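Taking numbering that gives the first Met the number 0 as reference, the numbering of the sequence shown is continuous, increasing by one, and the terminal residue is 194.
Single-structure report; data block below.
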Amino acid sequence: MSTETETETETETDVEAESEVESDLAADIPAPGTAAKQPRRAIAFGLAAVTALATLLCWFGFRVDQNQQELSQRTQFLQVARQAALNLTTIDWRHADADVRRILDGATGEFHNDFAKRSQPFIEVLREAKASTVGTITEAALESQTADTAQALVVVSVQTSNAGTPEPVPRVWRMRITVQRSGAGVKVANVGFVA
0 MSTETETETE
10 TETDVEAESE
20 VESDLAADIP
30 APGTAAKQPR
40 RAIAFGLAAV
50 TALATLLCWF
60 GFRVDQNQQE
70 LSQRTQFLQV
80 ARQAALNLTT
90 IDWRHADADV
100 RRILDGATGE
110 FHNDFAKRSQ
120 PFIEVLREAK
130 ASTVGTITEA
140 ALESQTADTA
150 QALVVVSVQT
160 SNAGTPEPVP
170 RVWRMRITVQ
180 RSGAGVKVAN
190 VGFVA
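What follows is the structure, given as structure tokens:
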């Protein structure tokens with residue numbers, strides 16, 4: 000009989016163990032409908048994170064490109080202003096026509112029209128005095144800038160000579176040069192001297 004009792008006890012123990020395993024497995028198995036929600040949540044979270052990261056990268060890329068364009072535009076505006084100052088201060092009576100043409104080619108608007116009207120008398124004065132000037136940029140910076148225009152301050156050291164003075168006379172000129180987009184390029188719209 001003791002064998003029967005032992006067998007019954009073993010069977011009850013086995014049944015209890017199986018029942019515990021089944022209850023553990025049942026606890027691991029989510030309720031109907033919840034199993035499908037967990038992967039969906041993970042996928043939704045992953046997609047949201049990827050979308051946020053892609054948006055952030057696009058925004059950073061846009062800002063870098065925008066900064067590069069602004070820097071390129073500033074450089075172009077400043078270069079045109081510097082070249083205009085050199086063109087205006089480097090003139091030789093022997094090739095005054097070409098020098099004046101170079102100034103007019105880089106000008107636009109009212110400045111172009113005014114300089115064009117005064118260019119012939121200017122050339123005549125240069126030739127009569129046998130005057131020549133050579134400018135050297137000492138400093139230049141943009142004072143202000145918009146999308147299509149900029150104002151630059153340019154300091155030029157100018158060596159002036161003419162028939163009456165054998166040695167060049169040095170002078171320093173401070174110029175405020177306004178440049179603006181004109182067609183496909185940037186040209187000088189106004190020039191003023193600063194005291």
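Just so you know, even glycine gets a beta-carbon here, dropped at the ideal spot from N, CA and C.
The structure displayed is predicted, hence computed values, not measured ones.
query                                                                                                          : result
Host beta strand (DSSP E) of residue 184 (start-end)                                                           : 184-192
Residue 128 - DSSP class collapsed to helix/strand/coil                                                        : helix
Residue 147 in three-state terms, based on DSSP                                                                : coil
Contact belief for residue 158 with residue 167 at Cβ below 8 angstroms, rounded distance in angstroms         : 4 angstroms
Proximal residues to residue 110 (C-beta, below 7 angstroms), its chain only, five neighbours per side dropped : 187, 188, 189, 190
Three-state class that DSSP yields for residue 51 in the structure shown                                       : helix
Cβ pair residue 146, residue 176 closer than 7 angstroms                                                       : no
Straight-line Cα distance separating residue 163 from residue 119                                              : 22 angstroms
Buried or exposed by the 16-neighbour rule on C-beta atoms within 10 Å, applied to residue 99                  : buried
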